[in-house]
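Engineer: In my numbering, the protein residues as written are 4 to 324. Note that beta-carbon positions come from the ideal geometry of N, C-alpha and C, so glycine has one too. Below is a structure I'd like to ask you about.
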């Protein structure tokens, strides 16, 4: 178990290093001068001073390591578009990360608690009204983009019925009730597509497993239907389900850009839009891409570890072969 986790961790760190090199080279290759993107106009002489102070005239290898080593210690540098040299990117991230993490965790909880039970129930009786209703929900959920869902929720729930606030964000530590009210619609908008995809995968995996011989044997021995479904069928169907769940989790944490814009949530996704479209802040964009890469790799690592908990043969397969 420990060896399997260590192997996956090392491979993730190597992949993360490769991503950091590619991201740095991509940011370097972008056209334009980062010192021209600040909020204050500067003379050519002042811009040269800023370039020298920020190390933009140094060789590429030196610039890469000057960014990498401080980043490993938590120093991500400064924003070039927010009063040059005075706003720390680490401070920006500290303010924005809680909203994105909360949005992602709540969305994943909704996805799991809704998709897996409905997928299992629809697989138990293929062709029933319950299964047809679940299939219809899958088609509808997959067909509607997140931003359309978000706008529809705002129009109906907030503006028409006045049940929830339109948008914005209040920290959970400040006002838990208001926080949950403001997060309800963004969570629904994000989780709809992920829920339908996971529901479809759960249903498909359960249908395949329920037709296996060992399931028929378990039923013939007189085991309760609940034990057959939960202890035998569901556990063996979880491998592909968890794979899809990990993929959706990575998309939720790294792809809530549009949803945060629609609901005016000051998270990492909205910061990404501001940095790319409005400010063109290369330093912030570079570190944001790394943040999303780390989040995705961390989710994938957790998925790999969960495989070994569900099926021990995965971690011993290499040695037995």
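Starting from residue 81, follow its DSSP beta bridges and name the residues at the other end.
Structural biologist: 91, per the DSSP bridge assignment.
Engineer: Considering only C-alpha positions, which residue in the set 312, 308, 209, 313 is nearest to residue 11?
Structural biologist: Residue 11 has its Cα closest to that of 308, out of 312, 308, 209, 313.
Engineer: With a Cβ-Cβ cutoff of 9 angstroms, do residue 291 and residue 275 count as a contact?
Structural biologist: It is a contact, given that the beta carbons lie within the stated cut-off.
Engineer: Hey, is the region 112 to 128 in contact with the region 202 to 213, meaning 3+ C-beta pairs nearer than 8 angstroms?
Structural biologist: Output reads yes: the region 202 to 213 touches the region 112 to 128.
Engineer: What did DSSP end up calling residue 187 once you bin it into helix, strand or coil?
Structural biologist: It is helical.
Engineer: Say whether the region 216 to 233 touches the region 135 to 144, bearing in mind that this needs 3 or more beta-carbon pairs closer than 8 angstroms, one atom from each stretch.
Structural biologist: No: fewer than three Cβ pairs fall under 8 angstroms.
Engineer: Kindly give me the distance between the Cβ atoms of residue 266 and residue 188, rounded to whole angstroms, as I take these residues to be in contact under 8 angstroms.
Structural biologist: Indeed, because the Cβ distance is near 7 angstroms, the residues count as touching under 8 angstroms.
Engineer: Among 61, 53, 4, which residue has its Cα nearest to the Cα of residue 31?
Structural biologist: Residue 61 is the option with its Cα nearest to residue 31.
Engineer: DSSP on residue 234, reduced to helix/strand/coil?
Structural biologist: Note: residue 234 maps to helix in three-state DSSP.
Engineer: Alpha carbons only, please: which of 67, 306, 193, 52 is nearest the one belonging to residue 26?
Structural biologist: That would be 67, whose Cα lies nearest to the Cα of residue 26.
Engineer: Please list the segments of the alpha helix (DSSP H) lying wholly inside the region 274 to 310, counting only runs of 4 or more residues, in order along the chain.
Structural biologist: Within the region 274 to 310, no complete alpha helix (DSSP H) run reaches 4 residues.
Engineer: Would you kindly report the start and end of the unbroken alpha helix (DSSP H) that includes residue 174?
Structural biologist: Here residue 174 belongs to no alpha helix (DSSP H), and DSSP marks it neither H nor E.
Engineer: Figure out for me which residue from 297, 196, 82 has the closest Cα to the Cα of residue 148.
Structural biologist: Nearest option by C-alpha distance: 196.
Engineer: Give me the residue from 46, 238, 29, 262 with the minimum Cα distance to residue 119.
Structural biologist: When only C-alpha atoms are compared, the closest one is 238.
Engineer: When you compare only the Cα positions, how much space is there between residue 91 and residue 107?
Structural biologist: Cα-Cα distance, rounded: 25 angstroms.
Engineer: What's the C-alpha gap between residue 161 and residue 170?
Structural biologist: If I take the Cα positions, the gap works out to 9 angstroms.
Engineer: Which ranges does the beta strand (DSSP E) cover as unbroken runs of at least 3 residues, wholly within the region 115 to 174, from first to last along the chain?
Structural biologist: If we require 3 residues or more, the region 115 to 174 turns out to have no beta strand (DSSP E) run fully inside it.
Engineer: Going by other Cβ atoms of all chains shown within 10 Å of its Cβ, with 16 needed for buried, is residue 185 buried or exposed?
Structural biologist: Residue 185 comes out buried.
Engineer: How many Å lie between residue 163 and residue 117 at the Cα?
Structural biologist: Their Cα atoms are separated by approximately 26 angstroms.
Engineer: Beta-carbon within less than 8 angstroms of residue 201's beta-carbon, same chain only, minus the 5 sequence neighbours each way: which residues are those?
Structural biologist: Cβ neighbours of residue 201 beyond the five flanking positions: 114, 115, 118, 119, 122, 244, 247, 248, 251.
Engineer: For a test of the three-state rule: what should DSSP assign to residue 201, helix, strand or coil?
Structural biologist: In this structure, residue 201 counts as helix in the three-state DSSP scheme.
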